[in-house]
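Novice: FYI, the numbering for the sequence shown is 1 to 290, going by the working numbering.
A single structure is presented below for examination.
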Amino acid sequence: MRYKISSFIMISSTLSIIVYILYTFFKSYNMMNYIIHPITIFFFIIITILLIVLEFIENLIFKKRLESIPEEIKKNILEENEGNYFYRLYKFIFFDQKNDKVKKIDHGFDGIIELDNKLPIWWVHLFLITIIFSAVYFFSYLLIDYSNPYKEYDISYKDQLKKIEIFEKNTPQITIENASFKEELIDSGKTLFEENCATCHQSDGSGNIGPNLTDNYWINIKEKDLFKNIYFIIWNGSDNNPTMRAFGKSGEIKGNDIEKISSYVYYINRNPKKPKGKLPQGKKNLNWSI
Ligand code: HEC
1 MRYKISSFIM ISSTLSIIVY ILYTFFKSYN MMNYIIHPIT IFFFIIITIL
51 LIVLEFIENL IFKKRLESIP EEIKKNILEE NEGNYFYRLY KFIFFDQKND
101 KVKKIDHGFD GIIELDNKLP IWWVHLFLIT IIFSAVYFFS YLLIDYSNPY
151 KEYDISYKDQ LKKIEIFEKN TPQITIENAS FKEELIDSGK TLFEENCATC
201 HQSDGSGNIG PNLTDNYWIN IKEKDLFKNI YFIIWNGSDN NPTMRAFGKS
251 GEIKGNDIEK ISSYVYYINR NPKKPKGKLP QGKKNLNWSI
């Protein structure tokens with residue numbers, strides 16, 4: 001008998017299965033870098049060539065052997081191998097020609113005779129594949145990272161963080177020149193303010209160690225427009241008092257986030273409803289350009 005599967009199918013499917021297994025099971029180790037490595041590709045090419053040569057030799061031996069076989073058997077063998085590969089595959093999957101007799105099961109007690117039809121061979125193959133798959137899946141679930149939801153979550157969480165980091169690195173942050181008050185930033189600004197500033201200014205900005213940010217009195221007047229003044233102070237800190245540190249300059253808070261916080265501070269400062277806050281500090285200033 002010759003091999004039922006031709007080498008061009010065998011080779012490509014074996015290689016793709018290997019690559020697939022490496023990829024899915026060792027995803028976390030960046031396996032793709034090794035698969036696309038020149039050495040692995042070279043190795044795959046050599047294997048392919050060897051397999052093709054092997055099949056060629058196999059064919060030669062097959063033809064040689066046929067010469068010494070009696071006519072009748074030869075005819076049978078040739079019949080079995082007739083047609084191209086796909087035709088033979090089709091026959092192999094859907095017809096099992098050797099056993100076409102149907103077994104009968106006699107129940108005895110009820111007089112019914114049951115036909116024990118053979119299951120279609122494709123069905124049996126599928127069934128076997130599911131059993132093999134379940135065993136592989138079971139052990140890989142137990143032993144390695146593959147398909148374990150907690151580990152998968154962990155991996156994709158780290159991936160996400162890395163992507164965010166790269167994104168933040170590559171997208172230019174807003175600076176004082178192009179920052180402006182945006183109403184849609186107030187909410188996220190409030191959250192950031194509560195995290196970074198509320199210890200000294202209270203979450204409503206009414207003041208604690210730091211001055212009240214909701215009144216019209218300012219110690220630091222560095223810019224003509226109110227929003228930019230707030231941005232300036234958060235970026236550079238205060239010259240008079242290092243307690244108000246340079247959040248932006250030091251890299252502690254990025255430009256985009258400072259725009260959000262400034263939007264919140266601007267909003268609470270302009271809001272006519274003022275909380276009862278710390279007593280005014282600095283000069284009264286109502287002459288902001290915006
Ligand atoms: C460790 C305490 C502290 C923290 C945290 C802090 N500040 Fe301040 N802040 C101060 C002090 C003290 C001053 C007064 C500085 C001065 O006298 O010049 C000040 C001043 C300011 C001013 C200027 C007020 C004025 O009248 O000139 C603004 C605006 C301000 N802070 C916003 C913020 C924001 C926004 C954050 C969060 C990112 C923040 N601060 C975090 C202590 C703090």
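Think of the CB as a built atom: it goes at the ideal place given N, C-alpha and C, for glycine as much as any other residue.
#1: Got a sec, what are the start and stop residues for the alpha helix (DSSP H) Lys74 sits in?
#2: Verify whether the separation of the beta carbon atoms of Ile258 and Phe247 is less than 8 angstroms.
#3: Classify Leu116 as helix, strand or coil using the three-state DSSP reduction.
#4: Mark Trp235 as exposed unless 16 or more other C-beta atoms lie within 10 angstroms of its C-beta, in which case mark it buried.
#5: When DSSP labels each residue in this structure, what does Lys283 get in the three-state scheme?
#6: Grab me the residues of Leu286's own chain with a C-beta within less than 7 angstroms of its C-beta, minus the 5 sequence neighbours each way, in chain order.
#7: So for Ile17, helix, strand or coil by DSSP?
#8: For Leu226 versus Trp288, is the C-beta spacing smaller than 8 angstroms?
#9: With DSSP as the reference, identify every bridge partner of Trp218, one or two as the case may be.
#10: Please report the Cβ distance between Lys276 and Ser188, rounded to the nearest whole angstrom; I am assuming they are in contact, meaning their Cβ atoms lie under 8 angstroms.
#11: Tell me whether Ser238, by its Cβ, gets closer than 7 angstroms to a heavy atom of the ligand HEC.
#12: Should Cys197 go down as buried or exposed, given a rule of 16 or more other Cβ atoms within 10 Å for buried?
#13: Comparing the CB of Arg235 with every heavy atom of the ligand HEC, is any distance shorter than 7 angstroms?
#14: Less than 8 angstroms between C-beta atoms, sequence neighbours within five positions excluded: which residues of the same chain meet that for Arg245?
#15: Alpha carbon to alpha carbon, how far is Ile233 from Lys249? Give it in angstroms, no decimals.
#16: Pair every Cβ in the region 6-23 with every Cβ in the region 37-57, then say whether three or more of these pairs are closer than 8 angstroms.
#17: Between the Cα of Thr294 and those of Lys222, Val124, Ser16, Leu279, spot the shortest distance and give me the residue it belongs to.
#18: Taking the alpha-carbon of Gly205 as reference, which of Lys274, Tyr141, Ser180 has the nearest alpha-carbon?
#19: Which partner residues of Ile278 appear in the DSSP bridge assignment?
#20: Closest to Ser140 by CA distance: which of Lys283, Glu82, Ile21 is it?
Specialist: In short, the structure shows the following:
#1: 71-80
#2: yes
#3: Position check: residue 116 holds Asp in this sequence, whereas Leu was assumed. DSSP places Asp116 in strand when its eight states are reduced to three.
#4: buried
#5: strand
#6: Correct list, in chain order: Asn216.
#7: helix
#8: Yes, the pair counts as a contact, with Cβ atoms nearer than the cut-off.
#9: Lys283
#10: With 8 angstroms as the limit, Lys276 and Ser188 do not qualify as a contact, their Cβ atoms being about 26 angstroms apart.
#11: Look at Ser238: its beta carbon is less than 7 angstroms from one of the heavy atoms in the ligand HEC.
#12: buried
#13: Here the sequence assigns Trp to residue 235, which means Arg is not the residue at that position. Trp235 Cβ: outside cutoff for every heavy atom of the ligand HEC.
#14: Gly237, Glu252
#15: 10 angstroms
#16: yes
#17: Residue 294 lies beyond the range of the chain shown here (1 to 290); nothing can be said about it.
#18: Lys274
#19: Per the sequence shown, the amino acid found at residue 278 is Lys instead of Ile. Per DSSP, none; premise fails for Lys278.
#20: Comparing C-alpha distances from Ser140 to each of Lys283, Glu82, Ile21 shows the shortest one belongs to Ile21.
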